[in-house]
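If you read the protein sequences in the order shown, they are chains F and R. Everything in the first sequence is counted per the working numbering, starting at 1 for the first residue and increasing by one. Everything in the second sequence is counted per the working numbering, starting at 1001 for the first residue and increasing by one.
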Amino acid sequence: MKHEEVNQGVLRAYLDGELDSTRLFAVEQHLQGCSVCSGEVAILRNRAALVRDGLDRLPKLPDADTSARAWSAFQKKREEWMDGDQNRWTLWQKLSLAGGCLGVAAVALVLTVAPVRAWAENLLAIFRVERFTILEINPATLKNEGLQNNQLLNQTIGRVLSDEITVTQSPQKPQLMANAATASKIAGFPVQLLLGQTPSSLLLESGIGMNMKLDGDRIQSILDEAGRSDLRIPASVDGAVIGVRVPAGVMAFYGNCGDVASRMMAQAGAGPGTKNPSASADHHVVVHLGGADKSVSEAGVENQAMHANKVSPGETSGQEADATCVSLFEIPSPIVSAPQEIDPAQIAQVALQFLGMSANDAANFTQTVDWTSTLVLPVVRGESKYEQVHVNGNEGALLRGANQNQSGHFSLMWVDNGIVFALNGTGDDTTAINLASQLQ
Amino acid sequence: MSDRWIEAEFEAIFREHYQRIVRVIRRVLQRDSEAEEVCAEVFLRLYRSGPGVAAGGLVGGWLYRTATRASIDALRANRRRGVEEQLEGNGPVETEGPTESPLTLLLRRERIVEVREVLAKLRVKKAQLLLMRHSGLSYREIAEALQLSVNSVGQKLARAEAEFSALYERQQRRNSKAPQLRAAKEGQ
Chain F
1 MKHEEVNQGV LRAYLDGELD STRLFAVEQH LQGCSVCSGE VAILRNRAAL
51 VRDGLDRLPK LPDADTSARA WSAFQKKREE WMDGDQNRWT LWQKLSLAGG
101 CLGVAAVALV LTVAPVRAWA ENLLAIFRVE RFTILEINPA TLKNEGLQNN
151 QLLNQTIGRV LSDEITVTQS PQKPQLMANA ATASKIAGFP VQLLLGQTPS
201 SLLLESGIGM NMKLDGDRIQ SILDEAGRSD LRIPASVDGA VIGVRVPAGV
251 MAFYGNCGDV ASRMMAQAGA GPGTKNPSAS ADHHVVVHLG GADKSVSEAG
301 VENQAMHANK VSPGETSGQE ADATCVSLFE IPSPIVSAPQ EIDPAQIAQV
351 ALQFLGMSAN DAANFTQTVD WTSTLVLPVV RGESKYEQVH VNGNEGALLR
401 GANQNQSGHF SLMWVDNGIV FALNGTGDDT TAINLASQLQ
Chain R
1001 MSDRWIEAEF EAIFREHYQR IVRVIRRVLQ RDSEAEEVCA EVFLRLYRSG
1051 PGVAAGGLVG GWLYRTATRA SIDALRANRR RGVEEQLEGN GPVETEGPTE
1101 SPLTLLLRRE RIVEVREVLA KLRVKKAQLL LMRHSGLSYR EIAEALQLSV
1151 NSVGQKLARA EAEFSALYER QQRRNSKAPQ LRAAKEGQ
């Protein structure tokens, strides 16, 4: 065997008796005449012994077989978890999960960033929402594999990513605003309201900023644990730092929206862990998902709206909203920055396949989208209706639930002059478009 | 193939692998209860993933991969949350016999903390590889579990051991200096 062939890997396998007889013989022959390789073997042997010594110190469980007891405990846990899962698995959670997964799996997956405009000194490209595109997801895909398993998958995502995120601007609890002028001043953009109507509540939602260092291996583990090991995260993702900045936004409620505003004020916002991401991983990830939702906005903008309009069947509350409730969320476009090496199309293809597209369809769809400015809204086929519409001269997306309970509610989203709007209420398409035209 | 497990088949897999998997997890995590919890999660994931995972006899590798990853993630999460390993009192490390003095027990626990510190600092795949090898998996089994080529296992193992050794030695040096520093400060 030539010296060049006897690399560290071969020598390590030699020490472990993992070489076949031919190679074993060849390595032994080589070692007899090569002091360099013999020295290397000694180093490898010492390191292996040190590692074994270290790992041997870790505690061992007693020899007793506990699998019978563990099986009973497991059956019980599985039952609880499946019961909970059935209750939890609603259309909007699917959307939210899809959004969360996309947002988290590598913020860039859907918000994706193309290396079009250089930013600052040398490295950042920018994403801003300028338009929406609807992407239909095959529900059969969502019902399979790990995607359906929101609890476990979210835990995984939490564990996987919580190391990598630094919050640069912590979210705060929403604040009540007296009027549009005050809200505009604090939010930093001209807030528009429905002409001639006074909102029953006007809330300012604080901005959020975070940087996330992507770890290729760990993101891959999300795909693996969702049962999609066939998808591989591109190598360029590893080590990339993604910045997400979600500006402050304003939520206006009209009509009888129940106590949703006060519930939002009670529930949302920062907890003690958010200023220091390392202090509370679980909480932190919730914050991140919220941020991703908000920026992805197929889940975020919409979710907040759905929250207001009581579309989610799993929601519990005190006072109910009724059909007069209209909510309007407006926010300057979130901004995502990423290194230029990141190839948005490549990442988007992985994300689309994760949502159930074939490799070919994903490649084709990827080419139809300008990833620097288009927010892709995943919609579950058969569970929601959607159409592309024009709102005040801008392209928009109108979504509804497909079943009877939800079909009266609409969620209309569009972007006007850099501000993302989401209008939610009850009524037909004309009502939705007319309401939107009353903004000023 | 059906996308649901036949209960008897799943139970057989559970009973066949549970003990090995919970042992690996328990080495990484401080408490029996936490190890059992993480182990149950691993099997829940297997259950959710359906019997396709077991096709080709790879279920053992899948379990080792998922379990080592989950335990390293939980270890890191504990460290972030400031969950300290118990060095004193009635900690979860069993004594080695009635003759073991409290000081020896304390030192032994310190060593355990050091090793876990190192595991938490390693890249996940490297830590997984070391744990699997230490659990007695062959190169072929490791390759299947981590989806590597068999021929690359030796090289990756050598690199992981080099990194572990460097971190471990550094950790030991730091810990051995700490009492001296304390003593020096107290003497001032």
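Just so it is clear, CB atoms sit at the ideal spot from N, CA and C, and this is done for glycine as well. Every value quoted in this text rests on a predicted model; they were computed, and no experiment measured them.
- At a cut-off of 8 Å, the C-beta of F:N211 has no neighbouring C-beta in chain R.
- Neighbours of R:Y1018 in chain F, taken as residues whose beta carbon is under 7 Å from its own, are S67 and A70 in chain order.
- Assigned with DSSP and collapsed to three states, R:G1050 falls in coil, not helix or strand.
- Chain F has a Cβ within less than 8 Å of the Cβ of R:A1040.
- Sorting F:V260, F:A432 and F:N394 by C-alpha distance to the C-alpha of F:T133 places F:N394 at the top.
- Burial is judged here by how many other beta carbons sit within 10 angstroms of a residue's own beta carbon; R:I1006 has fewer than 16 and is exposed.
- Shown in chain order are the members of the stretch 1119 to 1136 of chain R whose Cβ falls below 7 Å from a Cβ of chain F: R1123, V1124, K1125, L1130 and H1134.
- Identification of chain F residues near R:I1006 by a Cβ-Cβ cut-off of 9 Å yields none; the smallest Cβ-Cβ distance measures about 15 Å.
- F:G209 and F:Q169 do touch by the CB rule: their CB atoms are close to 3 Å apart, below 8 Å.
- When the Cα atoms are used, F:N360 and F:T366 turn out to be separated by approximately 10 Å.
- Chain-order list of chain F residues neighbouring R:L1063: empty, with the shortest C-beta distance near 12 Å, by a criterion of under 8 Å.
- Listed along chain R, no residue sits closer than 7 Å to F:N394 by beta-carbon distance, the nearest being about 42 Å off.
- Counting along the chain, F:D56 sits inside the alpha helix (DSSP H) bounded by residues S35 to D56.
- Taking a contact as a CB-CB distance under 8 Å, the pair F:L214 and F:I242 counts as one, their CB atoms being some 6 Å apart.
- When Cβ pairs closer than 8 Å are counted between the two stretches, the stretch 1132 to 1144 of chain R is seen to touch the stretch 1051 to 1071 of chain R, the count reaching three or more.
- Between F:L55 and R:V1022, the C-beta spacing is not below 8 Å.
- At a beta-carbon threshold of 7 Å, none of the residues of chain F lie near R:S1033; the nearest stands roughly 11 Å away.
- Annotation: R:A1012 has no Cβ neighbours in chain F at a cutoff of 7 Å; minimum Cβ distance is about 10 Å.
- Between F:D217 and chain R, the shortest Cβ-Cβ separation is below 8 Å.
- Within chain R, the residues placing a beta-carbon under 7 Å from that of F:F74 are F1014, A1040 and F1043, ordered along the chain.
- Excluding sequence positions up to five before and after R:Y1018, its CB lies within less than 8 Å of the CB of C1039 and F1043, all in the same chain and listed in chain order.
- With a 10 Å radius around the Cβ and a threshold of 16 neighbouring Cβ atoms, R:S1176 comes out exposed.
- No residue range can be given for F:E4, since it is assigned to no beta strand (DSSP E) and is classified by DSSP as neither H nor E.
- The straight-line gap separating the alpha-carbon atoms of R:Q1172 and F:A48 is approximately 17 Å.
- F:V41 and F:R12 have their alpha carbons spaced roughly 8 Å apart.
- Non-local C-beta neighbours of R:I1072 in its own chain, meaning closer than 6 Å and more than five positions away in sequence, comprise V1124 and A1127, ordered along the chain.
- Following the DSSP letters along the chain, one finds F:D65 in no alpha helix (DSSP H), marked with neither H nor E.
- Around the beta-carbon of R:A1077, 16 or more other beta-carbon atoms lie within 10 Å, marking it buried.
- Put simply, the backbone Cα of F:G382 is about 11 Å away from that of F:R400.
- Residue environment analysis places R:L1106 among the exposed positions, since fewer than 16 neighbouring C-beta atoms fall within 10 angstroms of its C-beta.
- The Cβ atoms of F:Q192 and F:L439 lie closer than 8 Å to each other.
- In this structure, F:A248 sits near F:E205, with a CB-CB distance shorter than 8 Å.
- At the C-beta level, R:S1135 and F:G9 stay beyond 8 Å of one another.
- No Cβ-Cβ contact shorter than 8 Å links R:R1027 with F:S67.
- A direct Cα-to-Cα measurement between F:A183 and F:M264 gives close to 17 Å.
- Contacts between R:A1145 and chain F, judged by CB atoms closer than 8 Å, are missing: the closest CB pair is about 11 Å apart.
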